[in-house]
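Enquirer: Residue 214 in the numbering used here sits at position 203 of the sequence shown, and the numbers go up by one each step. For every residue, glycine included, the Cβ atom is placed at its ideal position computed from N, Cα and C. Dropping the structure in here first, questions after.
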Amino acid sequence: MRLWHSVVGKLWATFLILVSFVLFILTIMLLQFFENYHIDQTEKGLKATANKIAMILEKHDREIGLEIAWELVDEVTKVIIIADDQVYYSPNESQTFELPLSYLHGDPDLKAVFTKNESVTKVSSYLTNGAEGNIDNPDILISGVPLPPSNENDGAVFIYQSLEVMQETTESTTKFTLLAAGVAIILTTIFAFFLSTRITAPLRKMKEAVTAASRGNFDTKVPYLSKDEIGDLAITFNRMGRQLKYNIDALSQEKEQLSSILSSMADGVFTFSKDGEIVITNPPADRFLRNWSYEREDGLTNSVPAYVMELFQTAVNTESESIGEVTIQGRTWVMIISPLYNETYIRGAVAVIRDMTEERQLDKLRKDFIANVSHELRTPIALMQGYSEAIVDDIAGTEDEKKEMAKVIYDESLRMSRLVNELLDIARMEAGHIQLIREAVEVKAFILKVTRKFQRLAAEKKITLSESLEDKGVWASFDPDRMEQVLTNLIDNAIRHTPEGGQVTVVQHSNEKGLMIEVVDSGSGIPEEDLPFVFERFYKADKARTRGRSGTGLGLAIAKNIVDTHKGQITVQSKIGHGTTFSIFLPKSHE
């Protein structure tokens with residue numbers, strides 16, 4: 012059943028039906044032709060024989076003429092000669108019946124031979140004309156020829172033959188024609204099947220190749236064994252396969268390149284369809300969606316905030332960029348949405364989002380830096396201005412008061428100078444202009460030298476300042492002046508934030524990785540929320556700034572920059588009421 016639905020079956024059936032129809036029409040026409048041809052030839056033969064008999068009877072006497080005439084006819088042909096009022100029948104023993112003279116005179120057409128002296132040939136049915144007897148085939152072909160007028164009496168020669176002989180010949184011809192038609196149909200069937208198979212073989216190959224191409228295999232080749240249209244089709248298909256493979260590879264490369272670009276981008280990218288559905292995202296955009304989903308607590312990661320959808324609708328409706336800002340989970344995102352065009356109409360939009368939290372924080376730090384510097388400078392400037400005006404206006408009555416005012420002005424100028432120098436140091440350090448003068452330093456002697464400077468201050472505040480150092484001689488390579496600046500800042504901060512009766516300890520130990528120096532105090536500690544920011548410029552855990560005038564808020568920032576320049580690390584651990592520990596680690600690889 013499947014064969015009739017295939018190209019082979021359809022071509023085979025088409026050829027078979029077409030050839031069968033042509034052979035059927037041709038057979039009918041040939042049979043008709045042969046039937047008419049046999050009748051026509053028999054008519055001509057009978058008429059010619061009748062004319063010959065008439066001529067023989069004219070040239071010879073009666074007996075000789077009859078003998079010659081009987082020799083001219085065959086067994087299936089009957090002759091009637093009417094001459095001198097005598098009727099002569101051919102003596103051949105044929106199945107052809109003998110026509111009576113009354114039938115010849117009674118037929119209007121045959122009667123014309125006697126009355127009009129004309130030759131007549133016709134097909135007649137004897138029974139339909141009133142004859143009696145048992146006759147198998149009444150249809151006969153009769154040809155009548157009048158005797159030449161030279162005879163004394165009128166006469167005629169009638170020659171007739173049964174159509175049964177012609178029908179037998181026609182049946183033989185029909186059988187042969189039908190046999191030839193059957194053989195032709197069989198040969199046509201075989202030829203049609205072979206031809207259709209031959210034609211469809213490359214088509215089946217193309218079908219297999221198309222099936223393979225639909226599954227992504229474009230390397231399949233169709234063999235082209237002929238130079239006709241099918242061969243051209245195979246060549247075109249192979250060329251199309253190569254072009255498709257090239258285009259698919261190019262698209263894959265572009266897709267991979269686009270995916271790599273999107274994945275490596277720091278900015279998030281969304282692609283929206285015209286209906287506002289998310290089509291493509293990259294990792295930063297996925298993080299944005301996860302944060303948004305976490306904030307809404309619904310677990311849906313394929314939806315965006317309503318404000319973003321408003322920006323999308325604005326971009327699509329106005330066909331221009333829309334810019335907005337949204338805050339999620341404490342982070343600030345700036346979003347730019349631009350429409351995407353497909354030739355003449357908008358097919359969606361692309362959104363680029365950027366996490367501007369750090370930029371906003373840096374901008375805030377910049378503003379805070381200006382505010383802090385202004386605050387730090389305003390107090391000494393105000394004091395210097397006030398006391399200088401008092402001296403100029405002779406408000407101070409005694410020399411001691413003038414000296415005291417001058418001392419305040421001098422102290423504030425030193426504080427301003429120290430603040431400016433520290434700012435310059437930070438600027439140089441952050442710009443990478445700091446120059447380290449590394450030396451091989453004995454760590455124990457170095458730490459004792461630094462702590463010795465604070466023994467008097469610690470004694471005044473009734474604080475115990477001690478060292479916990481390794482007994483063995485440990486040497487390290489660093490800039491002693493810069494590291495002394497770091498330790499000085501840390502020890503000074505520890506003493507200032509440790510109450511009376513407290514303890515400050517400098518601990519030193521080393522291992523195969525490097526040198527570790529810790530400044531441990533038993534002071535009030537640093538609040539947990541302030542710990543991540545203690546190394547920032549001007550940051551003070553005391554928000555009211557009531558610690559006194561000695562601190563600028565830059566010491567720890569400078570210390571961190573110095574340690575970072577040594578490729579080291581400085582960290583802090585603290586707990587309210589349990590003290591604070593600052594740890595400095597200098598790696599051995601940089602000794």
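Pick helix, strand or coil for Asn-182, following the three-state DSSP scheme.
Expert: In the sequence shown, residue 182 corresponds to position 171, counting from 1. The residue asked about is misnamed: residue 182 is Glu in this sequence, not Asn. Three-state DSSP puts Glu-182 in a helix.
Enquirer: Determine the DSSP secondary structure at Asp-286, reduced to helix, strand or coil.
Expert: Taking the sequence shown and counting its residues from 1, one reaches residue 286 at position 275. Looking at Asp-286 - three-state DSSP - the assignment turns out to be coil, as it is neither helix nor strand.
Enquirer: Could you check whether Trp-303 and Pro-294 sit closer than 7 Å to each other, using their CB atoms as the reference points?
Expert: As a working note, residue 294 is residue 283 in the sequence shown. As a working note, residue 303 is residue 292 in the sequence shown. Against a cut-off of 7 Å, the Cβ pair of Trp-303 and Pro-294 comes out as no contact.
Enquirer: According to DSSP, which residues form a beta bridge with Asn-103?
Expert: Within the sequence shown, the letter at position 92 stands for residue 103. None; Asn-103 has no bridge partner.
Enquirer: Where in the segment 368-416 do unbroken runs of the alpha helix (DSSP H), each at least 4 residues long, occur, reported from the N-terminal end onward?
Expert: With a minimum length of 4 residues, the continuous alpha helix (DSSP H) runs that stay inside the segment 368-416 are 368-403.
Enquirer: Would you list the residues sitting across from Ala-296 in a DSSP beta bridge?
Expert: By 1-based counting over the sequence shown, the position of residue 296 is 285. Ala-296 pairs with nothing; no bridge assigned.
Enquirer: From the DSSP secondary-structure annotation, give me the bridge partner or partners of Arg-342.
Expert: Position 331 of the sequence shown, counted from the first residue, corresponds to residue 342. Partner(s): Ile-339.
Enquirer: Measure the CB-CB distance between Asp-150 and Lys-133 and report whether it falls below 7 Å.
Expert: Along the sequence shown, one-based indexing puts residue 150 at 139. Along the sequence shown, one-based indexing puts residue 133 at 122. In this structure, Lys-133 does not lie closer than 7 Å to Asp-150 by Cβ.
Enquirer: Taking only the alpha-carbon atoms, compute the straight-line gap between Ser-130 and Glu-46 and give it to the nearest angstrom.
Expert: For this step, residue 130 is matched to residue 119 along the sequence shown. For this step, residue 46 is matched to residue 35 along the sequence shown. One C-alpha to the other measures close to 23 Å.
Enquirer: Is Asp-230 helix, strand or coil by DSSP?
Expert: Residue 230 sits at position 219 when you count from the first residue of the sequence shown. Three-state result, Asp-230: coil.
Enquirer: If Gly-359 and Ser-284 are in contact, beta carbons under 8 Å, what's the gap, nearest whole angstrom?
Expert: Stepping through the sequence shown from its first residue, residue 359 is reached at position 348. Stepping through the sequence shown from its first residue, residue 284 is reached at position 273. About 5 Å separates the two Cβ atoms, so the contact holds.
Enquirer: Look up Ser-31 in the DSSP assignment and say whether it is helix, strand or coil.
Expert: By one-based count along the sequence shown, residue 31 stands at place 20. The answer is helix: DSSP assigns Ser-31 an H, G or I state.
Enquirer: Does DSSP put Gly-559 in a helix, a strand or coil?
Expert: As a working mapping, residue 559 is identified with position 548 in the sequence shown. Because Gly-559 carries a pLDDT of 43, less than 50, the predicted location of this residue cannot be relied on, and the following value inherits that uncertainty. Three-state DSSP puts Gly-559 in coil, outside helix and strand.
Enquirer: Assuming Glu-529 is part of the beta strand (DSSP E), what are its boundary residues?
Expert: The sequence position of residue 529 within the sequence shown is 518, counting from 1. 525-532 is the span of the beta strand (DSSP E), which, as asked, contains Glu-529.
Enquirer: So which of Asn-353, Phe-187, Gly-117, Arg-365 has the shortest CA-CA distance to Met-346?
Expert: To locate residue 346, count along the sequence shown from 1; it is residue 335. Nearest C-alpha to Met-346: Arg-365.
Enquirer: What do you get for Met-40, buried or exposed, if any count of 16 or more other CB atoms within 10 angstroms of its CB means buried?
Expert: Locating residue 40 in the sequence shown gives position 29, where the first residue counts as 1. With fewer than 16 other Cβ atoms within 10 Å, it is exposed.
Enquirer: Who are the Cβ neighbours of Phe-202 in its own chain at under 8 Å, not counting the five residues just before and after it?
Expert: Looking up residue 202 in the sequence shown gives position 191. Phe-26, listed in sequence order.
Enquirer: Shortest alpha-carbon distance to Ala-245 belongs to which of Val-84, Ser-270, Lys-216?
Expert: In the sequence shown, the residue the question calls residue 245 occupies position 234. For Ala-245, the nearest C-alpha among the options comes from Lys-216.
Enquirer: Would you report the Cα separation of Gly-75 and Leu-68, rounded to the nearest angstrom?
Expert: In the sequence shown, residue 75 corresponds to position 64, counting from 1. In the sequence shown, residue 68 corresponds to position 57, counting from 1. According to the sequence shown, residue 75 is Ile rather than Gly. Their Cα atoms are separated by approximately 8 Å.
Enquirer: If we call anything under 7 Å between Cβ atoms a contact, is Val-515 one with Glu-529?
Expert: As a first step, residue 515 is located in the sequence shown; it is residue number 504 there, counting from the start. As a first step, residue 529 is located in the sequence shown; it is residue number 518 there, counting from the start. No, they are not a contact pair.
Enquirer: Identify the continuous alpha helix (DSSP H) that holds Phe-457 and give its terminal residues.
Expert: Looking up residue 457 in the sequence shown gives position 446. Its alpha helix (DSSP H) spans residues 454-463.
Enquirer: Specify the secondary structure class of Phe-281 as computed by DSSP and reduced to three states.
Expert: Counted from its first residue, the sequence shown places residue 281 at position 270. Three-state DSSP puts Phe-281 in a strand.
Enquirer: Run the CB neighbour count on Tyr-171, radius 10 Å, all protein chains shown included, and call it buried at 16 or more, exposed below.
Expert: By one-based count along the sequence shown, residue 171 stands at place 160. Counting Cβ neighbours within 10 Å, Tyr-171 comes out buried, since at least 16 surround it.
Enquirer: Taking buried to mean at least 16 other C-beta atoms within 10 Å of its own C-beta, is Leu-205 buried or exposed?
Expert: Indexing the sequence shown from 1 puts residue 205 at position 194. One point to set straight first is that residue 205 is Phe, not Leu, in the sequence displayed. It is exposed - the Cβ of Phe-205 has fewer than 16 other Cβ atoms within 10 Å.
Enquirer: Suppose contacts are defined by Cβ-Cβ distances below 7 Å. Is Val-84 in contact with Val-90 by that definition?
Expert: As a first step, residue 84 must be located in the sequence shown, where it is residue number 73. As a first step, residue 90 must be located in the sequence shown, where it is residue number 79. A contact, by the Cβ cut-off of 7 Å.
Enquirer: Whose CA, out of Ser-533, Arg-342, Thr-199, lies closest to the CA of Glu-370?
Expert: To locate residue 370, count along the sequence shown from 1; it is residue 359. Of the candidates Ser-533, Arg-342, Thr-199, the one whose C-alpha sits nearest the C-alpha of Glu-370 is Arg-342.
Enquirer: According to the neighbour-count rule (16 or more other Cβ atoms, all chains shown, within 10 Å of its Cβ), is Ile-502 buried or exposed?
Expert: The count along the sequence shown starts at 1 and reaches residue 502 at position 491. With 16 or more Cβ atoms within 10 Å of its Cβ, Ile-502 is classed as buried.
Enquirer: By Cβ distance below 6 Å, which residues in the same chain neighbour Val-156 in space, the five residues on each side in sequence not counted?
Expert: As a position in the sequence shown, residue 156 is number 145, starting the count at 1. If we look at Val-156 and ignore the five residues flanking it on each side, its Cβ neighbours are Ala-61, Asn-62, Ala-65, Ser-130, Val-168.
Enquirer: Please determine, among Thr-462, Lys-418, Pro-543, the residue with the shortest C-alpha to C-alpha distance to Asn-504.
Expert: The sequence position of residue 504 within the sequence shown is 493, counting from 1. For the residues Thr-462, Lys-418, Pro-543, the minimum Cα distance to Asn-504 belongs to Thr-462.
Enquirer: DSSP on Gln-446, reduced to helix/strand/coil?
Expert: Walking along the sequence shown from the start, residue 446 turns up at place 435. If DSSP states are grouped into helix, strand and coil, Gln-446 belongs with coil.
Enquirer: Tell me which residue opens and which closes the beta strand (DSSP E) that Asp-366 is part of.
Expert: Against the sequence shown, residue 366 aligns to sequence position 355. Counting along the chain, the beta strand (DSSP E) containing Asp-366 begins and ends at 356-366.
Enquirer: Drop a sphere of 10 angstroms on the beta-carbon of Ser-271, count the other beta-carbons inside from all chains shown, and report buried for 16 or more, exposed for fewer.
Expert: Taking the first residue of the sequence shown as position 1, residue 271 is located at position 260. With fewer than 16 other Cβ atoms within 10 Å, it is exposed.
Enquirer: Starting from the C-beta of Gly-166, find all residues in its chain whose C-beta is less than 6 Å away, skip the five residues before and the five after it, and write them out in chain order.
Expert: Start at 1 with the first residue of the sequence shown, and residue 166 comes out as number 155. Ile-93, Ala-94, Leu-158.
Enquirer: If you drop the 5 nearest sequence neighbours on each side, which residues of the same chain put their C-beta closer than 7 Å to that of Ala-123?
Expert: Against the sequence shown, residue 123 aligns to sequence position 112. So the list reads Glu-129, Val-131, once near-sequence residues are dropped.
Enquirer: Between which residues of its own chain and Ala-224 is the CB-CB distance below 8 Å, once the five residues before and five after are set aside?
Expert: For the purposes of this step, residue 224 is taken as residue 213 along the sequence shown, with counting starting at 1. Excluding residues within five positions, the ones whose Cβ falls inside 8 Å are Thr-231, Gly-252, Leu-255.
Enquirer: Using only alpha-carbon positions, find the residue among Lys-375, Phe-457, Met-416, Thr-475 that is nearest to Pro-391.
Expert: Indexing the sequence shown from 1 puts residue 391 at position 380. Out of Lys-375, Phe-457, Met-416, Thr-475, Met-416 has the C-alpha closest to the C-alpha of Pro-391.
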